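J.: After the structure tokens below, expect a handful of questions from me.
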Amino acid sequence: MKKIILLNASPRKNGNTALLLQAAQQGAQEAGAETELINLFDLKFTGCRSCLACKRVGAQRCKCYWKDDLSPLLDRIFQADGLFIGSPIYLSEPTAQFRALWERLIFCCLSYDKPMESYFTGKLPLGLIYTMNAPEAYYNQHYQARFQELADMHTLVLHGAVTTLASCETLQVPEYKRYSMGVFDEAQRKERRETVFPKELEAARQLGRQMVQENP
100 MKKIILLNAS PRKNGNTALL LQAAQQGAQE AGAETELINL FDLKFTGCRS
150 CLACKRVGAQ RCKCYWKDDL SPLLDRIFQA DGLFIGSPIY LSEPTAQFRA
200 LWERLIFCCL SYDKPMESYF TGKLPLGLIY TMNAPEAYYN QHYQARFQEL
250 ADMHTLVLHG AVTTLASCET LQVPEYKRYS MGVFDEAQRK ERRETVFPKE
300 LEAARQLGRQ MVQENP
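All residue numbers in the sequence shown are consecutive under this note's numbering, ending with 315.
Have a look at this one:
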């Protein structure tokens, strides 16, 4: 049975990002995979500490030696058949937890013996799910190319195809009047929640199914 790991890099366990990850999880399960959904905010970890233990002569490759909650999770990821990471976009970037995970996921597999080569011998397909206030046009113009760099790095180091789902103009809170958020049109956001978000949930479910079915 295939194993798919899904990581929620949002501080909200039941927010937009989590719901999309749960839909992807459902799709993977429907396709016959075993799944594990983890909230990164429940773990105690930092980004790369530059200890360079993973680069020592004789060190086990693709292993982060720093002792915290993330290292055993990385071990499981490298043994998995697929990975999803979901993150809201804060100040035009994925969350700090996403970045900390990303540094350590990539760096311990990156070769310092030969330029731009990897120690990883497997193939790990990746699904990236982003949620944001930004409209689709803004995402396409300002974010898409930058996030593609993350996808390209993953393919270079972990050798898997990357699919991306961007959920734009999300409903951030149930009642906007309780907050100083006058820049947003609450009625428009709620309408989009009713009409567009269900389609995005279905798209996420299909991504989960495809990851299992298209990566024998």
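All C-beta atoms in this analysis are idealised placements derived from N, C-alpha and C, irrespective of residue type, glycine included. Here the structure is a predicted model, which is why all the values come from computation and not from measurement.
In three-state DSSP terms, what is Ser-186?
T.: Three-state result, Ser-186: strand.
J.: When you compare only the Cα positions, how much space is there between Glu-285 and Tyr-275?
T.: Distance between the alpha carbons of Glu-285 and Tyr-275: 6 Å.
J.: Quick check on Ser-109: buried or exposed, where buried means 16 or more other Cβ atoms within 10 Å of its Cβ?
T.: With 16 or more other Cβ atoms within 10 Å, it is buried.
J.: In this structure, how does DSSP classify Asn-138 when only helix, strand and coil are distinguished?
T.: Strand at Asn-138.
J.: Helix, strand or coil for Thr-116, going by three-state DSSP, please let me know.
T.: Helix.
J.: Take the Cβ of Cys-150 as the centre, count every other Cβ of all protein chains shown within 10 Å, and call the residue buried at 16 or more, exposed below.
T.: Exposed, because fewer than 16 other Cβ atoms sit within 10 Å of the Cβ of Cys-150.
J.: Leaving out five residues before and five after Arg-175 in sequence, what residues of the same chain have Cβ atoms less than 7 Å from its Cβ?
T.: If we look at Arg-175 and ignore the five residues flanking it on each side, its Cβ neighbours are Ile-104.
J.: Could you tell me if Tyr-229 is buried or exposed, where buried requires 16 or more neighbouring beta carbons within 10 angstroms of its beta carbon?
T.: So Tyr-229 counts as buried.
J.: Once the 5 residues before and after His-258 are set aside, which same chain residues still bring their CB inside 6 Å of it?
T.: Excluding positions up to five away in sequence, the list reads Lys-222.
J.: Does the distance from the C-beta atom of Gly-126 to that of Gly-307 stay below 7 Å?
T.: Yes. Within cutoff.
J.: Return the Cβ separation of Ile-184 and Leu-106 in integer angstroms, given the expectation that the two are a contact with Cβ distance under 8 Å.
T.: Right, their Cβ atoms sit about 5 Å apart.
J.: Alpha carbon to alpha carbon, what distance is there between Asn-115 and Pro-297?
T.: Roughly 11 Å separates the two Cα atoms.
J.: I'd like the span of the alpha helix (DSSP H) that includes Thr-254, first residue to last.
T.: Note, Thr-254: alpha helix (DSSP H), 243-257.
J.: With distances taken Cα to Cα, identify the nearest neighbour of Asp-167 among Gln-178, Cys-153, Thr-145, Gly-157.
T.: The shortest Cα separation from Asp-167 among Gln-178, Cys-153, Thr-145, Gly-157 belongs to Thr-145.
J.: Look at Tyr-197 and Cys-161 and say whether their C-beta atoms are less than 7 Å apart.
T.: Looking at the sequence shown, residue 197 is not Tyr but Phe. Not closer than 7 Å, so no.
J.: For the beta strand (DSSP E) containing Val-261, name the first residue and the last one.
T.: Segment 261-266, the beta strand (DSSP E) holding Val-261.
J.: Along the beta strand (DSSP E) that carries Leu-204, what are the first and last residues, could you check?
T.: Where Leu-204 is concerned, there is no enclosing beta strand (DSSP E), although the alpha helix (DSSP H) it sits in stretches over 195-206.
J.: Please state the DSSP three-state secondary structure of Asn-232.
T.: DSSP places Asn-232 in coil when its eight states are reduced to three.
J.: Do Arg-291 and the ligand MN come close, with the Cβ less than 6 Å from some heavy atom?
T.: Questions concerning the ligand MN fall outside what the structure shown contains, since it holds no ligand whatsoever.
J.: Under the DSSP definition of a beta bridge, which residues are partnered with Gly-226?
T.: According to DSSP, which records beta bridges pairwise, Gly-226 is partnered with Phe-183, Thr-262.
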